[in-house]
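Here's the structure we're looking at; comments come further down.
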Amino acid sequence: MNFFKIKSIEQFRAEDDQSAKTLNRCLGPLDLILLGVGAIIGTGIFVLTGVTAATATGPAVVISFIISGVVCTFVALCYSELSSKIGGCGSAYGYSYAVFGQGIGFLVAWMLILEYLIATTAVSVGWSGYLINVLNNIGMPLPESLTVGYFSNPEKGIINLPASLILLILMGLLLVGVRQSATLNTVLVAIKVFAVIVFIGVAMFNIQPSNWSPFIPYGWFSTTADGHTVGIIAGASLVFFAYVGFDAVSTAAEESKNPARDVPIGIIGSLVFCTLIYIVVSGLMTGIVSYKELNVSSPASHALTQIGFKGASALVGTAVIAGLTSVMLVLYYALTRILFALSRDTLIPSFFSSVNSKTKTPTRIIIATGITMSFIAGELPFNTLVEIVNIGTLSAFIFVCLAVPVARKRYPQYISKIVIPGGLIIPILGALSCFGLILALPTHTISMFALWMLVGVLVYVLYSSRQ
Numbered sequence: 001m002n003f004f005k006i007k008s009i010e011q012f013r014a015e016d017d018q019s020a021k022t023l024n025r026c027l028g029p030l031d032l033i034l035l036g037v038g039a040i041i042g043t044g045i046f047v048l049t050g051v052t053a054a055t056a057t058g059p060a061v062v063i064s065f066i067i068s069g070v071v072c073t074f075v076a077l078c079y080s081e082l083s084s085k086i087g088g089c090g091s092a093y094g095y096s097y098a099v100f101g102q103g104i105g106f107l108v109a110w111m112l113i114l115e116y117l118i119a120t121t122a123v124s125v126g127w128s129g130y131l132i133n134v135l136n137n138i139g140m141p142l143p144e145s146l147t148v149g150y151f152s153n154p155e156k157g158i159i160n161l162p163a164s165l166i167l168l169i170l171m172g173l174l175l176v177g178v179r180q181s182a183t184l185n186t187v188l189v190a191i192k193v194f195a196v197i198v199f200i201g202v203a204m205f206n207i208q209p210s211n212w213s214p215f216i217p218y219g220w221f222s223t224t225a226d227g228h229t230v231g232i233i234a235g236a237s238l239v240f241f242a243y244v245g246f247d248a249v250s251t252a253a254e255e256s257k258n259p260a261r262d263v264p265i266g267i268i269g270s271l272v273f274c275t276l277i278y279i280v281v282s283g284l285m286t287g288i289v290s291y292k293e294l295n296v297s298s299p300a301s302h303a304l305t306q307i308g309f310k311g312a313s314a315l316v317g318t319a320v321i322a323g324l325t326s327v328m329l330v331l332y333y334a335l336t337r338i339l340f341a342l343s344r345d346t347l348i349p350s351f352f353s354s355v356n357s358k359t360k361t362p363t364r365i366i367i368a369t370g371i372t373m374s375f376i377a378g379e380l381p382f383n384t385l386v387e388i389v390n391i392g393t394l395s396a397f398i399f400v401c402l403a404v405p406v407a408r409k410r411y412p413q414y415i416s417k418i419v420i421p422g423g424l425i426i427p428i429l430g431a432l433s434c435f436g437l438i439l440a441l442p443t444h445t446i447s448m449f450a451l452w453m454l455v456g457v458l459v460y461v462l463y464s465s466r467q
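In our numbering, the protein residues as written are 1 to 467.
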């Protein structure tokens, strides 16, 4: 069995040289920062802030964002050192394959597939909520049966049609090529940042300090009678979804001009920028309306409407639709590149590693994942999707943190341009904090994740390990 078979850095670098001939090396550091911002700023601000504040934290959602941001900083530093030292396509999968061996690498990839597959569909459901809100405001509502999936509401729902269709549209865009996708992402990020500026500009002059009292209504952590967790720590484990995406930058290594330099810049730059934005927006949102009123699919627009700024609400809602589109685009892109790496390593059928000679994109993977996600987005509810994403992400991040000290020992001859200060402190803190947030997730989420990983083990044993 090849469970402990190592893929060496020499192999990664040989693949980098080969990818220069098949994939398009066209992304610079600014492209990668915008790629990270495109993935990060979106659902966290425009959907999760309200839902988490209303159901788990109250105004203390600000503290939850800070805790998650600190955890992500630990992980981002580990990503930066590994990407500079190892490089290659596949994000945490590639790093784990090089450090721990094929078996662990595959299981980490299985976690990442869960992360990006479900994250993309979850964002599409949030995107749909804003579109439906805009259509309702202009007097063009969709039938309820076409806005709710069957499994969300068996009595009234058939399919969340907007969520399903937007993923098929993005599938077509990714088939065209990465340069075109990156250009569109830049435009969408600009629109998204504009929406944030408008919201901040209106909200900062309409704060009612009484809305921040009580600031911590649910405490730090507790479990409700129905098995759900509430409090600041539980909120941190939920809003962690808001940071999903900064690691997508590392999946673009083979399409960046200078991966060893540009990927760390993209990861750290996008994370710092987005964390500051999250803190400001979450504080303002809970300051202009009561947190109890924010449990809706479009809390930013809803909050502005509640304080009488319907024009600003419509403007923000429209810009958010564009902004969430960039999130889906980047997460979808990252998913296809991880699967491409797995296929190239023959851990899934090599049929999927075929690259179109004209567009230089892995078309078979893009089509297969697009159709799959379109179905999931059309049928499953948002909250279920978010919880599943978080546990997959946090689990993969644990292996990223643990890989740093092992890589230092295994590959001392390769000097990383980015070296984390403090020896083992930050990797250990990163792994422990990610594990702590996993424990704060609901029990049923952990059970679903365990089932997903069991399927992954079976796939590896019955197929991947034999290749």
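All C-beta atoms, glycine included, are put in the ideal place defined by N, C-alpha and C. In this text the structure is predicted, and so the values were computed from the model without any measurement.
Sequence-distant partners of L107 (beyond 5 residues in either direction) whose C-beta falls short of 6 Å from its own C-beta, in its chain, are G456. T369: member of the alpha helix (DSSP H) spanning T363 to E379, first to last residue. Taking 7 Å as the cut-off, the Cβ atoms of G231 and F221 count as close. Under DSSP, S222 shares a beta bridge with V230. Excluding the 5 residues flanking it on each side, H302 has same chain C-beta neighbours closer than 6 Å at V296, in chain order. The way I'd put it, the segment 418-432 doesn't touch the segment 146-164; fewer than three beta-carbon pairs between them come closer than 8 Å. Boundaries of the alpha helix (DSSP H) harbouring E115: Q102 to N137, taken from the DSSP string. The beta carbons of I366 and T445 sit about 29 Å from each other, so the pair does not count as a contact at 8 Å.
The three-state reading of DSSP puts T147 in strand, counting E and B together. The beta carbon of S350 is closer than 8 Å to those of S343 and R344 in its chain, skipping five residues each way along the sequence. Remark: fewer than three beta-carbon pairs, one from each stretch, lie closer than 8 Å, so the segment 54-62 and the segment 264-275 are not flagged as touching. Around the beta carbon of E379, 16 or more other beta carbons lie within 10 angstroms, which makes this residue buried.
For F3, the CB contacts under 7 Å within the same chain, skipping 5 residues up- and downstream, are G101, Q102, G103 and S465 in chain order. Between the alpha carbons of T443 and T73 lies a gap of roughly 26 Å. Under the DSSP definition of a beta bridge, I158 partners with G149. In this structure, the CA atom of S298 is about 8 Å from the CA atom of G317. For the pair F194 and N390, the CB atoms are not nearer than the 7 Å cut-off. Here the C-alpha atom of T224 lies approximately 16 Å from the C-alpha atom of I216. Contiguous beta strand (DSSP E) elements confined to the segment 314-348 do not occur, taking only those with 3 or more residues.
Between Y130 and V281, the gap from beta carbon to beta carbon reaches 7 Å or more. Here A440 carries a coil assignment [DSSP, helix/strand/coil]. Beyond the five residues adjoining it in sequence on each side, L146 comes within less than 7 Å, by CB distance, of I158, I159 and L161 in the same chain, given in chain order. Counting the other Cβ atoms within 10 Å of the Cβ of T346 gives fewer than 16, which makes it exposed.
Annotated three-state conformation of P427 is helix, per DSSP. Counting along the chain, G69 sits inside the alpha helix (DSSP H) bounded by residues V61 to K85. Across the structure, Y243 and V99 are spaced so that their CA atoms are roughly 25 Å apart. For N136, the number of other beta carbons within 10 angstroms of its own is below 16, and it is reported as exposed.
Counting other Cβ atoms within 10 Å of its Cβ, L439 stays below 16 and is therefore classed as exposed. Going by beta carbons, M328 and T183 fall outside the 7 Å limit.
Here DSSP, grouped into helix, strand and coil, assigns V389 to helix. If you look at Y243, you'll find it isn't in any alpha helix (DSSP H); DSSP assigns it neither H nor E. Here I40 carries a helix assignment [DSSP, helix/strand/coil].
It is roughly 21 Å from the alpha-carbon of L165 to the alpha-carbon of V187. Residues T49 and A303 of the same chain have their beta carbon placed closer than 6 Å to that of M285, with the five preceding and five following residues left out of the count. Sequence-distant partners of Y460 (beyond 5 residues in either direction) whose C-beta falls short of 6 Å from its own C-beta, in its chain, are F106. When the Cα atoms are used, G126 and L170 turn out to be separated by approximately 16 Å.
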